[in-house]
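In what follows, a structure is listed as structure tokens, so that the remarks can point back to it.
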Amino acid sequence: MHFDPNAVQMSRLLSIKTGGCAEDCGYCSQSAHYPTGLKASKLMEVEKVLGEARKAKDAGATRYCMGAAWRSPKDRDMETLVAMVEGVKALGMETCMTLGMLTDEQAHDFAKAGLDYYNHNIDTSEHFYPEIITTRTFEDRLNTLETVRMAGIKVCAGGILGMGETIDDRISMLLTLANLPVPPESVPINQLIPITGSKLANAKPVDPLDFIRTIALARILMPTSHLRLSAGRTEMSDEMQALCFFAGANSIFIGDTLLTADNPGEDHDTALFNRLGISPMPLEPAVG
């Protein structure tokens, strides 16, 4: 057994730079290609990010994830981003960032700062991918994961269900992740939240049992990975979430927002965990 079956790892996700993204990801509210009505914002100041991190730690989060709506970070912003990583690490939390594609130099700068995880989802199967995104290739995403891994940073990579993909696409996505030289340490599985104005605004919802089956397959294929029940939980019943946990999910995002989407609040999660006999997973001890 790789994990305590009655424990769930809790992370908090903050958008440190919102909207105005040059990518055309069909599911995203932050793409500048679609009239989603989201107002773009500049990169947050370090102290404001750290203030939110303190609140997240007080709420029980052990990992703090910072996301920016970029194709890739600009070198001029690296000093600020590194300061965010160092500041969150100083609070005694694990750190994660999702900023788009990275150069080798940027990845090594983040590794030197102590970044624990880097998120870069592959989103779907290689076959279905061009139906969702045209401004970045599937190979670009795999290359970014390799860049992160070679820098010594743990990989967080998953996908989204409900974009019109087939069951075979979902299986292919999971097999791609599981067959990486080292499987991702963290695998977020998202349920599409249809965004008004986006390419996938009218996508057909994924069947709850199909979603749960995908969680179960991910757990079988990647037994040592944290499997995160990510975006879309507000549309899931307590019963569906419970079955996801029983099928192998063992991580969630806490807080009432995920980047720009709604998320169940801590009170609801606490009540559900109490009903299921689930406890927060303690922070893993540092190695070395």
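1 is the number of the first residue of the sequence shown in the UniProt record's numbering; add one for each residue after it. We treat Cβ as the ideally placed atom computed from N, Cα and C, and that holds for glycine. As the structure is a prediction and not an experimental result, all values here were calculated from the model.
When DSSP labels each residue in this structure, what does D123 get in the three-state scheme?
strand
How about the stretch 192-199 and the stretch 142-154: do they share at least three Cβ pairs that are nearer than 8 Å?
no
Reduced DSSP secondary structure (H/G/I, E/B, other) of V49
helix
Where does the unbroken beta strand (DSSP E) through S172 begin, and where does it stop?
Premise fails: S172 lies in the alpha helix (DSSP H), 167-178, not in any beta strand (DSSP E).
Which one of E126, A61, V182 has the shortest CA to CA distance from T270?
A61
Taking all protein chains shown into account, decide if P5 is buried (16 or more other Cβ within 10 angstroms of its Cβ) or exposed.
exposed
Would you call E94 buried or exposed, if buried means 16 or more other Cβ atoms sit within 10 Å of its Cβ?
buried
Helix, strand or coil for V187 per DSSP?
strand
Thinking Y27 and S198 are a contact (beta carbons under 8 Å), I'd like their distance in whole angstroms, please.
6 Å
Same chain, Cβ closer than 6 Å to L229, five either side skipped, listed in chain order:
C244, A249, I252
So the candidates are E284, F246, C25, L272; which of them puts its Cα closest to the Cα of I133?
C25
Could you name each continuous beta strand (DSSP E) segment of 3 residues or more that falls completely within the stretch 199-264, going from the start of the chain to the end?
226-229, 251-254
Which class does Y64 belong to by DSSP, given the choice of helix, strand or coil?
strand
DSSP state of D269, grouped into three classes?
helix
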